[in-house]
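In the order they appear, the protein sequences are chains H and V. Residues 2 to 617, numbered by the numbering used here, are exactly what the first sequence covers, in order. Residues 2 to 617, numbered by the numbering used here, are exactly what the second sequence covers, in order.
Number of protein chains: 2
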Amino acid sequence: MADRKADLYNMKLPDDLKKLNYEQCDDLCRQIRTLLIKTVSKNGGHLASNLGTVELTVALHRVFDSPKDKIVWDVGHQAYTHKILTGRLDRFDTLRKEGGISGFCRPDESVHDAFISGHSSNSISAALGIAYANKLKGDEHHAIAVLGDGAMTGGMSFEGLNNAGKSETNMIVVLNYNEMSISRNVGSMAKYLSQMRTTSSYKKTKTAVERVLDVTPVVGRPVKKVVRSSKNAFKNMLLHSTLFEELGFEFIGPLDGHNIEELEAGLKAAKALHKPVFVHVNTVKGKGYGPAEANPGEFHGVGSFEISTGNPDVVSPDSYSSVMGKELCRLARADKRICAVTAAMKYGTGLQYFAKSFPERFFDVGIAEEHAVTFCGGLASEGMIPVFAVYSSFLQRSYDQLIHDLAIGGLHAVICVDRAGIVGSDGETHQGIFDISFLTTIPGVTIYSPSGYEELRVCLKKAVLKDKGIAVVRYPRGRDVSSNMLDSSSGAFVCRENGSKTLIMTYGRLYDNVRKAADTLSEKDIICDTIKLVKVYPFTAELLDTVRGYDKVFFFEEAYSEGSLSQKLAAECGNVYTFCINGFVTHGETDSLLDKLGLSAEKIAATVEEKLKDET
Amino acid sequence: MADRKADLYNMKLPDDLKKLNYEQCDDLCRQIRTLLIKTVSKNGGHLASNLGTVELTVALHRVFDSPKDKIVWDVGHQAYTHKILTGRLDRFDTLRKEGGISGFCRPDESVHDAFISGHSSNSISAALGIAYANKLKGDEHHAIAVLGDGAMTGGMSFEGLNNAGKSETNMIVVLNYNEMSISRNVGSMAKYLSQMRTTSSYKKTKTAVERVLDVTPVVGRPVKKVVRSSKNAFKNMLLHSTLFEELGFEFIGPLDGHNIEELEAGLKAAKALHKPVFVHVNTVKGKGYGPAEANPGEFHGVGSFEISTGNPDVVSPDSYSSVMGKELCRLARADKRICAVTAAMKYGTGLQYFAKSFPERFFDVGIAEEHAVTFCGGLASEGMIPVFAVYSSFLQRSYDQLIHDLAIGGLHAVICVDRAGIVGSDGETHQGIFDISFLTTIPGVTIYSPSGYEELRVCLKKAVLKDKGIAVVRYPRGRDVSSNMLDSSSGAFVCRENGSKTLIMTYGRLYDNVRKAADTLSEKDIICDTIKLVKVYPFTAELLDTVRGYDKVFFFEEAYSEGSLSQKLAAECGNVYTFCINGFVTHGETDSLLDKLGLSAEKIAATVEEKLKDET
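Following this line, the structure appears as structure tokens:
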């Protein structure tokens, strides 16, 4: 097919990739970019990061043989091109849709997705496990971890590098360096990598890499010649890179991440070395799409948008995150002890307001949730009031630090748990359904779950200024869409009493569904009282008394069943039926997922009605 | 006091330390060493690591002003001298004894213990929090993290370094390099640090450090002169240390960790820089005590021993750990897929047998529990059967990885949870009381809790060869001291039926107490059936049926109450009374602690008797 134009839609992928010449490759990359922009503009998703890795992905699949060679994508939000090239082109329009393909890598979706992705910094560890398994089985294929510079700020990446460098396996780490992770990258590692991108401290003249380059062909020619003649000179490719070399890796780079010929030369050299190699690739986030190149931060994770301008279709004027961020500023203005901490999610958690108003009290620690919590412990031990805003599923990383560095010492810190509950299209690695279960295993924790903006403000103020120990405020992704919520500016819970002996209870945004369900039931003359918990844990004596006063209690909960609040209440009071989430939840629309989980207003009403009927 | 001998027992500590000349310092260090050996030989504890840090601790307290300057000891098992010098000399004979001083650092024990210690690699993060708090308060005092090379293999240390280097705070990291952590140190970082100990790649002639040295006095003389004339030449002190310098630190070292004059010179220089400084100190583990210097691994954590020979008083011929280690070897001989993973606890977890028999399938990943689990995921994804043996409290570090990198993908890995339940004298950071709670929040987990060696063997075999997903086998510290245990080589539980409508149930080693309690009660004509769970989670339908057949069920559990198995069973069946552990548990003798927690045979019998009396 050397004389034809590449046609993404009429190729046998990924095999045909290797038959293309470089001109055809570039042509293919243009087609892929068009598809990426079209799809993400409709379905939402990660755009800038995926536009940056088009050539890298094509080069990886030309040099390596997936799925025999295993490519492990860190986080996964740069793997759309990989999906397109490995059997998911025809379903790519279903990206992130319920029943469609996932926005992250999932081994159950494709044999080419070598390992699960979603949470940052796990790729080196997973790839090393694969590499050792190959070695034990006598399989010479490679394991390749591909990660961004953001993922390099996570301690797990370092743990992986520390073990991989000396491993004597066919293990390659590809650093996709694009100068920014989700928020602007932080820390010394970022500075170090940034220097590496631009400077060449000395040239190595005869290294193991170079010897290999002399004999490794790229489409017939020795790699070294290709690289010498390419835009980045050979001296750049063999940059001095003490840090990674000192960790035991051969180092190759920096490579121009948008030049397929150069990428292939570097990757072929890495492959030929048959030992741990660190490959540094420079890419441009948003490459090829003006609005995204100009504003990669805004195009990191987006909803649908208008292609010609790049404007998002729906701009949420407000969200739980921004209400939290603004209220925290209000509190911080009056109290100089308040500090804010984020793990590379300044915008996602609404802390950009705080960062702007109080830069000296704002700390973006990188994708380092473990450090974040212990750092809060250090601040708290000196009388500051640290507030760590973090997504529910990412807080899982900090479980030990919450116990060891905060709870044992009784230190006061506030954890704002964002994206609590079902998050929708990001899927099972991102659903915030475990925080209730794991946070309640920590002695002394207080948990609030406000069901609207005003409650969030009240709870945050209590957590920051009134509570002791670890105080958690958890709230869902997105906007407050509740209506007619019960007022609950004081107490731990509010009860809507209709004189019934049947109670339906819940907390957080789910109360809106419970209230609607109760209204539906009352139209059928099934009268129920309802309770909305606000300070959801620990239970107050008053709550237990109230619950015990009912014949039957139905507790619906947007949380995993084991360790749930309803399970705890059922253990205390014999009359509680629990309705929770019983396993992992894949991607889809939040409302639709809640319905499937039996947590929509309709399903709640139906469940209660049926249960009452069964027992009469 | 310049003309007198130093007398540890007649000084005002730590203030008088600064009045000593170097000869008196050395004399004091000898007295401290004698006390350390005497006390640890009686009480058990960490000997080799503490003998290595005597001079370093004296130098730290001479250069800095604790508690205004905050010294954060990582792990804490090198902080005995610190305890002796900061107000705990008179109570040092109570070390690790119930009601006595802790073997680790605890802020509630002394204002000189700046932060909690116990779990590795948290010191840099905590010290950085303290340093920033100082900066915000305009306080010029220092925060000093002291950590060993073992702690440097934990990703949290890297996350801390990555944030500290650029912090513009008065933050010092002291690396106590003694060439080995608990097991032999692993990974590229160990190799790198080892090179740093011995080689000097080039000499810096005029650095910021050197300029400071010219003007900083040590007992009157400029530091530089002192250092020049000391054993380690100046060129060694200003070693090229790319890695830490590239992370943003000024670097000082390597310093001779047993030469107080040189240590002081280096620490004074670090203090005078008023910016993040990394100080590399070489120490000898077990320094000054022949048997410990010769065999630091054996003297890492020890029971009581005979001083003259160094022989431990009690050599446990067998333990749950070694039974697991030997059985795993037996299984691995027949099945080449089985791999063993440890996070720097080869001896502690009994994996030394496996390491010797199957070195190519044995992986010591350093103190890197996060990486360990994801690495297991990589191995499992390629069809291997990884077995990660780890202490219960350290597995807390892996919570997210268990969910994300094993459970979501349904990968099969075995977690051998050692030190489950009360561990005794190591205290609250080490009690294994949360694993039941947090492991049961992970969908698809199977948990075994054998109550003796034979059951451990049976459970391990099932977990490795029969179960799918995450299979956990948990067992306590130390030896099997049970008597007359029920046989349970098959099923999920065994029931001792006496025809009673009252049931007492538990699992693991606690069954021995429950059985004894039932015997005591039967002597009072209170007849109870007993159940011992073996596969403790998830509950089988048969168990639920059996439990529901009783009028009253008393469930005693050596685990934290929230998320406990008894809580789950109570939620399922209305007739269950739960008796668990309700908070953190400090150090003491295991049997005594269990008694205080209401879990001794006597307390169990008394509780059941009283409860039955109340209700009749």
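Backbone N, C-alpha and C define an ideal beta-carbon position, used for all residues, glycine too.
query: Cβ neighbours of H/Asn11 in the same chain (closer than 8 Å, five flanking residues each side left out); result: none
query: Three-state class that DSSP yields for H/Ser601 in the structure shown; result: coil
query: Members of the stretch 414-425 of chain H that neighbour chain V once the beta carbon cut-off is set at 8 Å; result: none
query: V/Ile409 at chain H interface by Cβ criterion, 8 Å; result: yes
query: Per DSSP, the bridge partner or partners of H/Arg475; result: H/Val418
query: Neighbour-count burial assignment, V/Thr310, 16 or more Cβ in a 10 Å radius; result: Below a pLDDT of 50, predicted positions are generally treated as unreliable, and V/Thr310, at 49, falls in that range; the measurement from the model is reported next regardless. V/Thr310 is exposed by the Cβ-count criterion.
query: Minimum C-alpha distance to H/Ser450 - residue among H/Phe540, H/Tyr508, H/Cys574 and H/Ser320; result: H/Tyr508
query: Which listed residue (H/Thr284, H/Phe585, H/Pro108 and H/Ala408) has its alpha carbon closest to that of V/Gly379; result: H/Pro108
query: Segment contact flag, the stretch 401-416 of chain H with the stretch 565-584 of chain H, C-beta cutoff 8 Å, min 3 pairs; result: no
query: Whole-angstrom distance between V/Asn177 and V/Ser202, CA atom to CA atom; result: Bear in mind that the predicted position of V/Ser202 carries a pLDDT of just 29, short of 50, making it unreliable; the figure below should be weighed with that in mind. Answer to the nearest angstrom: the Cα atoms are 21 Å apart.
query: V/Met238 at chain H interface by Cβ criterion, 8 Å; result: Bear in mind that a pLDDT of 36 at V/Met238, under 50, signals an unreliable position, so the model cannot answer this.
query: 7 Å Cβ shell around V/Ser565 - same chain, five flanking residues per side excluded; result: Ile437, Ser438, Glu558, Thr579 and Cys581
query: Option in H/Ser118, H/Gly258, H/Glu361 and H/Arg63 with minimal Cα separation from V/Leu137; result: H/Glu361
query: Contact with chain H by V/Tyr392, beta-carbon distance below 8 Å; result: no
query: Span separating the alpha-carbon of V/Leu37 from that of V/Ser118; result: 19 Å
query: For H/Ala1, three-class secondary structure by DSSP; result: The structure shown does not extend to residue 1 of chain H, since chain H is modelled only from 2 through 617, so no value can be given for it.
query: Integer Cβ distance of H/Arg549 from H/Cys529, believed to fall under 8 Å; result: About 17 Å separates the two Cβ atoms, so there is no contact after all.
query: According to DSSP, residues forming a beta bridge with H/Leu148; result: H/Leu176
query: Minimum C-alpha distance to H/Tyr321 - residue among H/Ala493, H/Arg510, H/Asp336 and H/Gly156; result: H/Arg510
query: Beta-carbon proximity check, V/Gln397 vs H/Ile173, cutoff 8 Å; result: no
query: Separation of V/Asn576 from H/Ser562, as counted between CA atoms; result: 20 Å
query: Residue ranges of each beta strand (DSSP E) within the stretch 574-600 of chain H, 3 or longer; result: 577-582
query: Beta carbon proximity, H/Gly104 to chain V, threshold 8 Å; result: no
query: Cβ neighbours of H/Met604 in the same chain (closer than 7 Å, five flanking residues each side left out); result: Before going further, note that residue 604 of chain H is Lys rather than Met in the sequence given. Taken in chain order, the residues that qualify are Asp596.
query: Which residues DSSP lists as bridging H/Cys496, in chain order; result: H/Ile532
query: Separation of V/Asp94 from V/Thr40, as counted between CA atoms; result: 6 Å
query: Helix, strand or coil at H/Gly378 [DSSP, three-state]; result: helix
query: Coil, strand or helix - H/Tyr290 by DSSP; result: coil
query: V/Asn164 in three-state terms, based on DSSP; result: helix
query: Opposing strand residues paired with V/Ile448 [DSSP bridges]; result: V/Val473 and V/Tyr538
query: Closer than 8 Å to chain H by CB, V/Ala572; result: yes
query: Best match in H/Ala134, H/Thr591 and H/His62 for proximity to H/Val1 [C-alpha to C-alpha]; result: The structure shown has nothing for residue 1 of chain H, since chain H only spans 2 to 617.
query: Chain V contact residues for H/Thr442, given Cβ-Cβ distances below 8 Å; result: Phe435, Ser438, Phe439, Thr442, Tyr561, Glu563 and Gly564
query: C-alpha gap between V/Arg516 and V/Val609, whole angstroms; result: 13 Å
query: Cβ of V/Lys357 within 8 Å of any chain H Cβ; result: no
query: Beta carbon proximity, V/Asn171 to chain H, threshold 8 Å; result: no
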